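Protein sequences appear in the order of chains A and B.
The numbering of the first sequence is the working numbering, which starts it at 14 and goes up by one.
The numbering of the second sequence is the working numbering, which starts it at 14 and goes up by one.
Note that CB positions come from ideal geometry on N, CA and C, so glycine has one too.
Keep in mind the model is a prediction, meaning the values are calculated, not measured.
Inspection log for the structure reproduced underneath, given as C-alpha cells.
Number of protein chains: 2
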Amino acid sequence: MEYLKIFAPATVANVSCGFDSLGFAVDTIGDEMTFTKTTEKGVKITNITGANLTYDVDKNAASAVVKKMLIEAKADFGIELTIHKGFSPGSGLGSSAASAGGAAFGTNQLLGNIYSELELTKFAMFGEEVACGTPIADNVSAAIYGGFVLVRSYNPLEIIKLPVPKELRVVAIHPQIEVKTKDARDVLPTEITLKDAVTQWANVGGLIAGLYADNYELISNSLVDIIVEPVRKTLIPHFDDVKNTALKAGALGAGISGSGPTIFALCKGDKIAEEVYKSIQESYKNTGIDFEMFISKVNPNGMKILN
Amino acid sequence: MEYLKIFAPATVANVSCGFDSLGFAVDTIGDEMTFTKTTEKGVKITNITGANLTYDVDKNAASAVVKKMLIEAKADFGIELTIHKGFSPGSGLGSSAASAGGAAFGTNQLLGNIYSELELTKFAMFGEEVACGTPIADNVSAAIYGGFVLVRSYNPLEIIKLPVPKELRVVAIHPQIEVKTKDARDVLPTEITLKDAVTQWANVGGLIAGLYADNYELISNSLVDIIVEPVRKTLIPHFDDVKNTALKAGALGAGISGSGPTIFALCKGDKIAEEVYKSIQESYKNTGIDFEMFISKVNPNGMKILN
C-alpha cells in the first residue's frame, strides 16, 4: 500500500457515570487524514486544514505518533501526512485523540498491519501526551476500537470493547466557547464520599449491563453522574437547560462530553434523536451563544479506510 | 398449597470491587425452611435448629417478613414456620438474608405467587432491617434472584440479574471467629480519592463485562478491591495468606464475603476449585483457628422448592 485515506472519528469520553473509564465513537464527525509512502525516511506534514495546528512533527499529535511508529517498526520508508480536521480542537470530542488514533491506524496500514488495537492505542496515547500532557486512553481507545469501550486498567493497559445496542443514537451540541482542560481538571474534587462512589459504580455497572442486554431503560437509569457533572457543568453555560430539554424530548440521558463544552445526549432510535436535536437547537438559539450540533449513530467500527 | 419446604441459599455480597452493589448466591450452603398454612391468622415459629435465634416473631428476620406480608396481602390464613440454619449467623454469608429472603419467597408461594422478585426483595429488606438495623439489598436480592445481581439503585430499588458463566465455582473458608458488623463498618473510610474510585468502578465495569462475555480472564483481572478489602482484611486473621494461596492454586480472584470473616475465591471449573479448596485447607490448618469450608457452583436460581 502506497497511499491511504482514512476517517478518524470524534469520540465521547466519560459518558456520564464512567469518568476516565468509558468512551464511545461517533459516526458523522471526525477527521480525514491521508498517508503517502515516501522513499525518504521520516514524517512530514504537507497540509493541515480545518484547524490551526502545528506542522512541527514532534509537537503535532498525529506526526509524533507516525514518527514513533516508523522508528519502532524500523520502517525503510517515510510518510507524508495531510490532516483535515472535521471538528474543532477544544470541543471535548477528542480532537487530539482522532489525530493521534488516526495516525496510529494509518501508519499501521502502511506498515502491513503489524500492530494490535491495544498496541495502536498505546502509540496513540503517546500522541495524547504530546498534545495534552497526559497519555489518556479513553478517547483514543474509543476511536481505535470503535463502539463503546471500557478502560479497565492502565497498568497494564486493558481495553474492553462493549456491545452497541443497534438503535442507540447520539445528539451533541458544541457551544462555541472554550473550556480549558486545566480548568476542567481543577474543579474536580480530590476526594469523594464512599457513599457517592458506590452510587457511581453501581451506575457504571448498570450502564455496562444495559449495553450487553440491549436494555434501554437500564441504560437510561444508569446515565447519571453525581460526581463530575455537578462541578464541571458550572463551566458550561446553560448545561442544565440543554440536559432537561433533551430528557423532556425523550433522550435516554445527557451529559458532558469529555471535559466539555460539548454536551451529548443518547437516544433510542432516529425519531427521538431528531426530536431531541430540534428541541435543543430551538432552545439554544435564545442563549446568544454560537453553537454547532450533530446527530450520529454510535460508530461500531472506529476508523474507516476511505480509498 | 398448604405446606412448603424450601432451600434459601447463602450469598456472597460485595464480590471484591462491588462494595454494597454486587452479590451472588451459593448452591451447597443455605437454610431449610418450612411453611405450613394455618386457619388461625398470624405467624408462629415452631422450631429453629442449627443456630440460637429468637422465637419473637417481631424480632426474628424470617417471621417479621412473614407477618408483614400476610398483613399487606390481607391473607385469611396464618403460617407456622420452621427454620433450619445450615450455616452460622455472623459468617458474612448472608445468614439473615437467607432467612428473610426465604421467608419472603415461601410466604409468596402460599399466597399464590402474587409478588414479583423485586417486591420480595423489598419485603426481605425489611427482615434485614429487623435483624441488622439496615435494609441492605445485596444479600437478599442475590438470594431471591439467584446468580449474580447488581443493586443498581436503592431509590427506586432496581436489581439487575447478571449472567453466570457456566464454569464459575466458589470456594469459601469461614474461620470460626466473630467479626462484628459494626467493627466492619467502622473501619470503612468515609472519603476516598477520586483516583481510587475510578480504579474501582473500572473494575466493577470489567467484572460485569466479564460475566456477560464469559471472559474468565477479564473476571480475574477485575476481582480487585483497593478500597474496602485493605481496611477490612485487618479484622480477618491470615486473610492475605488465604488469598495468596487461592491465587497460587489457580483461583480467578479472592476476597472478603460481605463483611467477613468468610473469605471466598472464584475459580474456573471443578478441578481448579478442588485444588484451591485443598490448598487453603492445608495452609489454614496451621493457624490454630477452627474453620469450615465449602465448595459450590454459583447458584443461578436462588431459592429452591424442596417438596
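Endpoints, beta strand (DSSP E) assigned at Ala26(B): The count along the second sequence starts at 1 and reaches residue 26(B) at position 13. It spans 16-26 - the beta strand (DSSP E) in which Ala26(B) sits, taken as one unbroken run.
Any chain A beta carbon closer than 8 Å to Leu163(B): The residue given as residue 163(B) occupies position 150 in the second sequence. Yes, contact with chain A.
Of the residues Gly105(A), Phe90(A), Leu207(A), Ala116(A), the one placed nearest Asp199(B), counting alpha carbons only: In the second sequence, residue 199(B) corresponds to position 186, counting from 1. Nearest C-alpha to Asp199(B): Leu207(A).
Proximity test, Cβ basis, 8 Å: Ile293(B) and chain A: What you label residue 293(B) is simply residue 280 of the second sequence in a count that begins at 1. Cβ-Cβ to chain A under 8 Å: no for Ile293(B).
Cβ pair Lys135(B), Leu170(B) closer than 8 Å: For the purposes of this step, residue 135(B) is identified with residue 122 of the second sequence, where counting begins at 1. For the purposes of this step, residue 170(B) is identified with residue 157 of the second sequence, where counting begins at 1. Cβ distance < 8 Å, so Lys135(B) and Leu170(B) count as in contact.
Short-range partners of chain B found in the region 38-54 of chain A, where Cβ spacing is below 7 Å: none
contact_flag[the region 235-253 of chain B, the region 181-196 of chain B] where n(CB pairs < 8 Å) is 3 or more: yes
DSSP state of Asp196(B) mapped onto helix, strand, coil: Walking along the second sequence from the start, residue 196(B) turns up at place 183. Helix at Asp196(B).
Integer-rounded CB distance, given that Asn234(A) should sit under 8 Å from Arg165(B): Working through the second sequence from its first residue, we reach residue 165(B) at position 152. Working through the first sequence from its first residue, we reach residue 234(A) at position 221. Right, their Cβ atoms sit about 7 Å apart.
Cutoff 8 Å: Ser235(B) Cβ touching any chain A Cβ: The residue given as residue 235(B) occupies position 222 in the second sequence. Taking Cβ atoms only, chain A reaches closer than 8 Å to Ser235(B), which makes this a yes.
Outcome for Ser309(B) when other beta-carbon atoms lying within 10 angstroms are tallied against a minimum of 16: By one-based count along the second sequence, residue 309(B) stands at place 296. Flag for Ser309(B) reads buried.
Any C-beta of chain A under 8 Å from that of Pro202(B): Locating residue 202(B) in the second sequence gives position 189, counting from the first residue. Chain A contact via Cβ: present.
Outcome for Asn152(A) when other beta-carbon atoms lying within 10 angstroms are tallied against a minimum of 16: As a working note, residue 152(A) is residue 139 in the first sequence. Result: buried.
Length-filtered (3 minimum) beta strand (DSSP E) runs lying within the region 107-180 of chain A: 161-167, 170-175
Supposed contact pair Ala267(A) and Ile276(A) - C-beta distance, whole angstroms, cut 8 Å: Reading the first sequence from its first residue, position 263 is the one you call residue 276(A). Reading the first sequence from its first residue, position 254 is the one you call residue 267(A). Indeed they touch by this definition, with Cβ atoms about 6 Å apart.
Distance between Leu181(A) and Pro202(A) (C-alpha atoms, nearest Å): In the first sequence, the residue the question calls residue 202(A) occupies position 189. In the first sequence, the residue the question calls residue 181(A) occupies position 168. Using only the alpha carbons, I get a separation of about 31 Å.
The region 19-29 of chain A contacting the region 55-65 of chain A, beta-carbon criterion three pairs below 8 Å: no
Contact with chain A by Val211(B), beta-carbon distance below 8 Å: Residue numbering aside, residue 211(B) sits at position 198 when the second sequence is read from its first letter. So, interface residue.
For Pro188(A): DSSP bridge partner residues: For the purposes of this step, residue 188(A) is identified with residue 175 of the first sequence, where counting begins at 1. Pro188(A) pairs with Phe304(A).
Residue(s) in a DSSP beta bridge with Val46(A): Residue numbering aside, residue 46(A) sits at position 33 when the first sequence is read from its first letter. According to the sequence displayed, residue 46(A) carries Met and not Val. Ile19(A), Ile96(A).
Cross-strand partners of Lys317(B) (DSSP beta bridge): Here residue 317(B) refers to the residue found at position 304 when the second sequence is read from its first residue. Phe20(B).
Per-residue burial, Ile157(B) [other beta carbons within 10 Å of its own, 16 or more giving buried]: Within the second sequence, residue 157(B) is the residue found at index 144, counting from 1. Looking at its Cβ environment, which holds 16 or more other Cβ atoms inside 10 Å, Ile157(B) is buried.
Proximity of Ser272(B) and Ala197(B) at Cβ, strictly below 8 Å: Your numbering for residue 272(B) matches position 259 in the second sequence. Your numbering for residue 197(B) matches position 184 in the second sequence. Contact: yes.
contact_flag[the region 25-41 of chain B, the region 227-245 of chain B] where n(CB pairs < 8 Å) is 3 or more: yes
Whole-Å CB distance - Lys18(B) paired with Glu53(B), under 8 Å assumed: Translated into the one-based positions of the second sequence, residue 18(B) becomes position 5. Translated into the one-based positions of the second sequence, residue 53(B) becomes position 40. Not quite, the Cβ-Cβ distance comes to about 21 Å (not below 8 Å), so this is no contact.
Environment of Pro243(A) [buried if 16+ CB atoms lie within 10 Å]: By 1-based counting over the first sequence, the position of residue 243(A) is 230. Exposed, because fewer than 16 other Cβ atoms sit within 10 Å of the Cβ of Pro243(A).
Enclosing alpha helix (DSSP H) for Phe90(A) [first to last residue]: Within the first sequence, residue 90(A) is the residue found at index 77, counting from 1. It is not in any alpha helix (DSSP H) - Phe90(A) carries neither H nor E in the DSSP assignment.
Where the region 176-210 of chain B meets chain A: residues whose CB sits under 7 Å from a CB there: Leu201, Pro202, Thr203, Glu204, Ile205, Thr206, Leu207, Ala210
Straight-line Cα distance separating Asp254(A) from Asn299(A): Here residue 299(A) refers to the residue found at position 286 when the first sequence is read from its first residue. Here residue 254(A) refers to the residue found at position 241 when the first sequence is read from its first residue. Roughly 11 Å separates the two Cα atoms.
Given 8 Å, three or more beta-carbon pairs between the region 302-318 of chain A and the region 36-43 of chain A: yes
Contacts that Phe32(A) makes with chain B (C-beta to C-beta distance below 9 Å): Numbered from its first residue, the first sequence carries residue 32(A) at position 19. Here the neighbours are Leu207, Ala210, Val211, Trp214.
Residue range of the unbroken alpha helix (DSSP H) whose run includes Leu231(B): As a working mapping, residue 231(B) is identified with position 218 in the second sequence. Element bounds for Leu231(B): 229-235.
Assigned exposure category for Gly119(B) - 16 Cβ within 10 Å defines buried: Counted from its first residue, the second sequence places residue 119(B) at position 106. Answer is buried; the Cβ neighbour count reaches 16.
Min CB distance Val244(A) to chain B below 8 Å: Start at 1 with the first residue of the first sequence, and residue 244(A) comes out as number 231. No, because no Cβ of chain B sits closer than 8 Å to the Cβ of Val244(A).
Which listed residue (Ala116(B), Glu15(B), Gly63(B)) has its alpha carbon closest to that of Met316(B): As a working note, residue 316(B) is residue 303 in the second sequence. Of Ala116(B), Glu15(B), Gly63(B), the residue nearest in Cα terms is Ala116(B).
Close Cβ partners of Ala86(B) (< 6 Å) along its chain, the five nearest in sequence each way excluded: In the second sequence, the residue the question calls residue 86(B) occupies position 73. Taken in chain order, the residues that qualify are Leu124.
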